[in-house]
Amino acid sequence: ARLFHQAFISFRKYIMESGSVSADLHIILNDICCDAGKICLLGHVDDLFPFFLRHAKQIFPMLDCMDDLRKISDLRLPPNWYPDARAIQRKIIFHAGPTNSGKTYHAIQRFLSAKSGIYCGPLKLLAHEIFQKSNDANVPCDLVTGEERVYANEDARQAPHIACTIEMCSTNTPFEVAVIDEIQMIRDPARGWAWTRALLGLCAEEIHICGEAAAIDLVTELMYTTGEEVEVRNYKRLTPLTVLDYALESLDNLRPGDCIVCFSKNDIYSVSRQIEARGLECAVIYGSLPPGTKLEQAKKFNDPKDPCKILVATDAIGMGLNLCIKRIIFNSIVKPTVNEKGEKEIDSITTSQALQIAGRAGRYGSSFKQGEVTTMHRDDLVQLKEILSEPVRPVKAAGLHPTPEQIEMFAYHLPDATLSNLIDIFVSLSQVDGLYFVCNIDDFKFLADMIQHIPLNLRSRYVFCTAPLNRKEPFVCTALLKFARQFSRNEPLTFDWLCRHTKWPLAAPKNIKELVHLEAVHDVFDLYLWLSYRFMDMFPDAVLVRDIQKKLDDIIQVGVCNITKLIRASQSAAAPGAAEVISENFPLSRTRRDTRAVSDPHGAKSTEALSIALGAAGERRARNLKAYRSAARQEDLKSHGRGSLANRLLREGLLTQEMLRQLESEWQDQHRDGRYGLGSKRDDQKGSKEVGKKKK
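FYI, the numbering for the sequence shown is 804 to 1499, going by the working numbering.
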C-alpha cells in the first residue's frame, strides 16, 4: 500500500515537472495524496487501492478536457449571464442610510406608484410585510417565497406587483420598478450570490437599491461594468440614538421597552427565566422560531395593553420586525460567525452588526421618540462604544455561485465524478476578478455527500442540495434523506406519508427539548413545501401541509409563551449539576462552544478543562479579530475576554473565588510548561493508562 502511495506521489511529481496541467489540479492531487497518506497511517490497506481507482477516474479525464473545464468555470464576466437585462438601459438609484432612516420607505413608495414592480428582500417576514402593505394600499401584489406563492387575484392570475425573497426573483420578467433591500448582504459568504444575481439580472427600468453606504463603491463599480450609472440618495437617522455611559449590570434595573440581545439560545433561556423570576413578563424572539411565532411575540411586546414590556431576542430582530424598543441592551458583544472558508469563529460583533441591532431602538413613529443602547456588563461598554464609533467596513466583493447548467456541463466531461467532487473541481478551477468571490459551498457539499448513495439524476440532486436547511439539525437532515429516497423510487410523498414520519399530530411541549423538536418539525414542513414548488407531482399535498404547519405554529407559540416553565421542567429532569438543558452544555459566549472543554461525560464541571477554556479564550479571540483592528486593541480584547468570562462565571455561581484562584494557578503552570492545556490532557490519559496497568 505504501509503495502504491509512493508511485502516486511520483506520478504527481512527474506531471508537475512536465507542466502538462494547471496549478489548480496540482492542489487537487496534493489533497488526494494527503488523504491517501492518512489511509496508510490508519492501516486501512484494503481501502487504498479502491481509493486511487476512484480518484484516477476523476483525474485522468481532467487532463484531456482541462481547457473546456476552465472555460465553463470562468466567472470573470457575470453581467454577460443576463442578456435580457443588458438589452435595456436601467436607471440605478441607491438609497443609502442607517437603520430607521426612511430609505426603504422612499423606495417602496416608488414601487407602489409604478405600473409593475418587484420587491426583493432577505427574509420571508419582509416580503410578507410588503405584500400586506401593497394590498392594503389597493395595489394588487403577489407573495413569492421558497415555500409558497400567494396570489392577490382570486383566479390565480399573476399580479403586476410581486414581493419575494431575493432567491426567488425572476430575471426574465420585465418590470417598471425593482427594489433590492439590504444590498450590503451581497458580501454574505453563503447568500451573497442572490443579491449579485438580482443586481445584475433584474429586467426593470428602475432599480432601487436600499442598504448601507458601505456598499456604494462596490455597486458603482459593478454598474460601471454594465454601462449603467448610479444615483445615490443619502438619508440620516430620523430619531436620535444615544449610547449610555452606564451598563445595566443587573436585571433589577430593567425598564419597560427594554430589549436584551443575546447571541445563543442558552443565554435566551437563562435571561428569560431570570427576568420572570423577578415577576416580570417577557417576549422571546430567536432565529429558529417560525415566522408566525416571531410576529406574535413582536405583537405581544408592542401592545401597550399587554403586561409584557421586556423583550429577550437574538440578532434576529436586526431586520424584518417592527418593534417598539426604547433601549437595546447587549448581553454580550461576541458571537459565533462563519467565515468565507466555512470555518466557525468567535469574534466581536462588527460595526455593521452593532449598528443594525442598536438601530432598532427608538423606531420612528413608535411611542419612543429616541433610542438608547448599552450593555449588560460594565466591561463590555467601552468596547461597544469603540465598535460603534468605527466606520463601517466597505463592501469589497460580490458573491457568486455555480449554476446547475454549469455543473451539468462539468458532469458531461466528468461523468464518473460525484456532485460533491464536481463542485470542488469547479471552485478550484474557477476564475473571478477582484469584484467577486465564490460563495461558501460547505452546506451544499454536506447535502451532496449525504444523498450521494441515492440514485437521482443530476438536476434533481442539485435541487435537493440547494434546499434551505440547517445541517446541524439531525431530524431535518434525516427528513431530507427520506424525501430523496422516496423521490428516487418515484413514489409521491403524500400527506399521510409525511404525518407518519413526523408523528403528527403533536402535543404541546413539556420541556425545552420538546420545543426544539417542534421547531425542527416545522422546518421539515417548510422543506416539504419548498420541494413541492420544484417537484409538484412528487410532493402533491402542499395545501394540507400548510394547514398543519399553521397548527404547529400555534402549538409552538404556546410553548414560547410558557418558556420559563419549560426551562424549569427541563432542569428538574436533568442530572444534578447539569448547567444547561440543550446541546450547548455551557453558555460561554466568549469561548468556542466546545462541550468537551467544559464538562466531563457525567455532567460534572471539570476545573482543569475550564481552566483550559479560560486560558485559550484570549488566544482564540485574538487570532480571529479582523485585520483592520490595531494590535493594541487585540491585546486589550484578550485580557478583557478572560476577565469578563471569570466575572460572569462568578456572577452565575458557577465559580467561587477559591476555585478561580486555583484555576489561575493551574493555567499559569500549564502556560509556563508550554502545554496550553493539551499536554495536561495527554498527561491525564497517560496517567490513567499507567493506573490501568498497575491494576492489571
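A virtual CB, placed ideally from N, CA and C, is assigned to each residue, including glycine.
Check, Outcome
"Is DSSP giving F1104 helix, strand or coil here?", "helix"
"Please classify S937 as buried or exposed, where buried requires at least 16 neighbouring CB atoms within 10 angstroms.", "buried"
"For F1290, which of helix, strand or coil comes out of DSSP?", "helix"
"Taking only the alpha-carbon atoms, compute the straight-line gap between A1201 and Q1159 and give it to the nearest angstrom.", "20 Å"
"Nearest-angstrom Cα distance between T1177 and I1190?", "12 Å"
"Can you tell which of K874, H1011, D1118 has the C-alpha that lies nearest to the C-alpha of Y922?", "H1011"
"Buried or exposed for E1208, going by 16 or more other Cβ atoms inside 10 Å?", "exposed"
"Name the DSSP bridge partner or partners of Y922?", "A966, V982"
"Just tell me which of R873, L878, D871 has its CA closest to the CA of V1507.", "No answer is possible for residue 1507: the residues shown for the chain start at 804 and end at 1499."
"How big is the Cα-Cα spacing for P1194 and Y1265?", "40 Å"
"Using a Cβ-Cβ cut-off of 6 Å (strictly less than) and excluding sequence neighbours within five positions of L926, which residues of its own chain qualify?", "G1123"
"Could you please give the first and the last residue of the uninterrupted alpha helix (DSSP H) stretch that includes K1354?", "1345-1364"
"A1201 lies in the beta strand (DSSP E); which residues open and close that run?", "1201-1203"
"Please name the residue, chosen from R1288, F1066, R1058, G1030, that lies closest to L1259 on a Cα-to-Cα basis.", "R1288"
"Quick check on the burial criterion: 16 or more other C-beta atoms within 10 angstroms. Buried or exposed for I891?", "exposed"
"Taking the runs of the alpha helix (DSSP H) that are 4 residues or longer, which of them lie wholly in the stretch 1229-1298?", "1245-1253, 1261-1268, 1277-1291"
"Looking at the secondary structure, which residues open and close the alpha helix (DSSP H) in which H1325 lies?", "1315-1335"
"Rounded to a whole number of angstroms, what is the C-alpha to C-alpha distance between I1132 and R913?", "35 Å"
"Candidates I1254, L1047, L1334, I1359: which alpha carbon is nearest A1310's?", "I1359"
"Any idea if D1070 is buried or exposed, counting beta-carbon neighbours within 10 angstroms, 16 or more meaning buried?", "buried"
"Measure the alpha-carbon distance for T1154 versus L1238 and round it to whole angstroms.", "22 Å"
"Taking only the alpha-carbon atoms, compute the straight-line gap between F1171 and L1057 and give it to the nearest angstrom.", "16 Å"
"From this set, K1316, K1354, C1127, W1307, which residue's C-alpha is nearest S1375's C-alpha?", "K1316"
"Does the count of Cβ pairs from the stretch 1089-1109 and the stretch 1036-1047 closer than 8 Å reach three?", "no"
"Determine the direct distance from the alpha carbon of A1372 to that of T1117, and round the result to whole angstroms.", "23 Å"
"Using the beta-carbon count (16 or more within 10 Å), is L1283 buried or exposed?", "buried"
"Assuming contact is defined by CB atoms lying nearer than 8 Å, are A1050 and M1179 in contact in what I supplied?", "yes"
"Can you tell me which of L1332, G1014, A1214 puts its alpha carbon nearest to the alpha carbon of F1286?", "L1332"
"Do the stretch 986-1000 and the stretch 958-965 make contact, defined as three or more Cβ pairs closer than 8 Å?", "no"
"Does DSSP put F1066 in a helix, in a strand, or in coil?", "coil"
"By DSSP, does S1151 sit in helix, in strand, or in coil?", "strand"
"Give, in chain order, every unbroken run of the alpha helix (DSSP H) that is at least 4 residues long and sits entirely within the stretch 976-1062.", "995-1004, 1019-1029"
"If you draw a straight line from the C-alpha of A1382 to the C-alpha of Y1072, how long is it?", "Low confidence applies here, because A1382 scores a pLDDT of 36, under 50, leaving its location unreliable; read the following figure in that light. Answer to the nearest angstrom: the Cα atoms are 12 Å apart."
"Under 8 Å between the Cβ atoms of D1183 and I1136?", "yes"
"Could you tell me the distance, in whole angstroms, from the CA atom of P1308 to the CA atom of E1008?", "49 Å"
"Tell me the rounded alpha-carbon separation between P943 and I933.", "11 Å"
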